[in-house]
Amino acid sequence: MEPDLDASKAGRGFLRRIFRYKAAPDVSRDREALVIAFASGKGGTGKSFLTTNAAIGLHRLGRRVAVVDCDFGLANAHLLFGVNPRFTMQHLLDGAISAQQALMPTPYGPGLIAGGSGISSLAELGARHMQVLGRALGWVAANHDVVLLDCPAGLAPPAMITVLAAQHVVVVTNPEIAALTDAYALIKCLARQPSWPTVHLVVNRVAQPGLGRATFERLAEVSRRFAGCEIHYLGEVPEDSAVTHRRLGQAPLLVSHPECPTSLAIQSMLSTLEKNVGGLQMQASANQGVEARMAAQIRRW
1 MEPDLDASKA GRGFLRRIFR YKAAPDVSRD REALVIAFAS GKGGTGKSFL
51 TTNAAIGLHR LGRRVAVVDC DFGLANAHLL FGVNPRFTMQ HLLDGAISAQ
101 QALMPTPYGP GLIAGGSGIS SLAELGARHM QVLGRALGWV AANHDVVLLD
151 CPAGLAPPAM ITVLAAQHVV VVTNPEIAAL TDAYALIKCL ARQPSWPTVH
201 LVVNRVAQPG LGRATFERLA EVSRRFAGCE IHYLGEVPED SAVTHRRLGQ
251 APLLVSHPEC PTSLAIQSML STLEKNVGGL QMQASANQGV EARMAAQIRR
301 W
């Protein structure tokens with residue numbers, strides 16, 4: 001059960017005086033984590049499933065990896081990791097705790113900052129909240145090799161600000177026309193910005209081999225012609241009974257079924273991503289780290 005930080009005005013003030021995150025002055029960081037956003041145009045594409053399993057795969061490759069669940073009202077990464085967080089994104093954005101306190105271990109290696117689940121107040125966030133998130137991401141990035149952002153589906157400003165703070169975005173889609181239409185809408189929205197992350201595509205729940213590549217080719221052509229955006233193919237993830245028959249409380253697929261088709265596809269996806277980005281590890285930030293990128297996006301939006 002989450003602690004009742006709102007029991008009284010006095011109690012809330014006391015806790016905040018003790019735990020409020022005192023952001024350090026902006027400093028030059030020579031290197032920080034590679035920040036990758038997992039995003040989708042619509043819900044239900046398997047974005048959180050791929051994010052959490054990709055994080056486990058990166059941990060097994062020896063990377064210090066953290067997942068930040070940026071789905072501010074409908075988060076589920078903690079369920080997929082099988083953990084019950086003491087603190088969530090709500091406490092972090094309210095200023096009650098620091099990023100270090102919000103980051104919790106999971107049984108499978110990656111750290112996690114849990115998002116908010118069923119909290120309507122998190123669905124509408126202002127610039128101040130996003131600034132707090134930017135500072136928190138700066139701390140997380142300074143202490144890990146790779147940070148994965150599990151972003152909200154859709155094109156709302158908080159979702160777009162979060163995606164645009166990453167260096168790379170993995171757009172997760174399905175072969176269905178509705179998912180592809182929304183994926184293109186997301187790509188087009190990204191391409192309208194003054195600068196945007198490198199866009200990669202993974203096609204999930206593919207019914208037959210080769211359909212993922214064909215789906216990518218169609219979307220890549222449309223994105224190139226009408227949005228002026230090049231996208232990169234990460235691969236396809238098959239429709240798999242090992243996924244569709246899963247129950248709440250089971251270990252993540254990469255742990256419970258490491259040799260099933262979906263687990264192998266996720267490992268292949270990570271291998272391709274590593275080649276595309278030039279290494280899944282800390283990068284030279286050149287004074288343009290994730291906190292600075294998010295601050296720039298807040299000013300634009």
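For the sequence shown, my numbering gives the first residue as 1, with consecutive numbering after it.
Glycine is no exception: its CB is placed at the ideal position from the N, C-alpha and C atoms.
Do residue i and residue j have their CB atoms nearer than 8 angstroms?
i    : j    : result
A39  : V163 : yes
V169 : L58  : no
A242 : T272 : no
P197 : A166 : yes
L149 : A54  : no
L93  : L125 : yes
A66  : G116 : no
R246 : H144 : no
P252 : T52  : yes
L34  : M282 : yes
Considering only residues of the same chain and omitting the five flanking positions on each side of residue i, which have a CB-CB separation below 6 angstroms?
i    : result
A114 : D69, H78, P85, T88
S223 : I187, C229, I231
V83  : T106
E236 : V203, V206, G212
A153 : S40, K42, G43
W301 : P157, I161
R293 : A165
H91  : I97
A37  : L149, C151, V163, A166, V169
Skipping 5 residues on each side, what residues in its chain have a beta carbon closer than 8 angstroms to that of residue i?
i    : result
V255 : I56, Y108
D30  : A284, S285
I298 : A127, M130, Q131, G134, I161
P175 : V203, R205, V206, A207, L211, G212, T215
V27  : Confidence at V27 is low in this model, with a pLDDT of 41, below 50, so its placement is unreliable and no value can be given for it.
V171 : A39, S40, G41, A183, L186, I187, V199, H200, L201, V202, I231
R270 : Looking at the sequence provided, one finds Leu at residue 270 rather than Arg. A54, G57, L58, L61, L280.
Going along the chain, which residues of its own chain have a beta-carbon closer than 7 angstroms to the beta-carbon of residue i, five neighbours each way excluded?
i    : result
G289 : R29, E32, G138, A141
E291 : G134, R135, L137, G138
P238 : V206, P261, T262, A265
Q267 : G57
A227 : I187, K188, A191
T181 : none
F72  : M89, G115, G116, L122, A123, L125, P152, P158
Q250 : S256
A274 : According to the sequence as given, residue 274 is Glu; it is not Ala. Hits under 7 angstroms: L280.
L248 : L79
A24  : For A24, the pLDDT reaches just 38, beneath the cut-off of 50, and the residue's location in the model is therefore unreliable, although a value from the coordinates is still provided. Closer than 7 angstroms at Cβ, skipping near neighbours: no residue.
List the residues that DSSP assigns as beta-bridge partners of residue i.
i    : result
A284 : R31
Would the C-beta of residue i count as close to the ligand HEM, meaning under 7 angstroms from any of its heavy atoms?
i    : result
R128 : The ligand HEM is not part of the structure shown, which contains no ligands of any sort.
For this session: Take every Cβ of the region 221–239, pair it with every Cβ of the region 192–212, and state whether three or more of those distances are shorter than 8 angstroms.
Result: yes
Exercise. Taking only runs of the beta strand (DSSP E) that begin and end inside the region 105–140, which ones reach a length of at least 3 residues, in chain order?
Worked result: 111–113
Exercise. Does the count of Cβ pairs from the region 183–193 and the region 94–111 closer than 8 angstroms reach three?
Worked result: These segments do not touch.
Exercise. At what residue ranges does the region 213–257 contain a whole run of the alpha helix (DSSP H), taking only runs of 4 or more?
Worked result: 241–244, 253–256
Exercise. Within the chosen definition, does the region 42–53 reach the region 207–223 through at least 3 CB pairs nearer than 8 angstroms?
Worked result: no
Exercise. In chain order, which continuous runs of the beta strand (DSSP E) of length 3 or greater are located wholly inside the region 28–91?
Worked result: You should have 34–39, 65–69.
For this session: State whether the region 217–226 contacts the region 272–289, with contact taken as three or more CB pairs (one from each stretch) at a distance under 8 angstroms.
Result: no
Exercise. If you scan the region 129–205 from start to end, which runs of the alpha helix (DSSP H) of 4 or more residues do you find wholly inside it?
Worked result: When DSSP assignments are scanned along the region 129–205, the uninterrupted stretches of alpha helix (DSSP H) that are 4 or more residues long and fall wholly within it turn out to be 157–164, 177–191.
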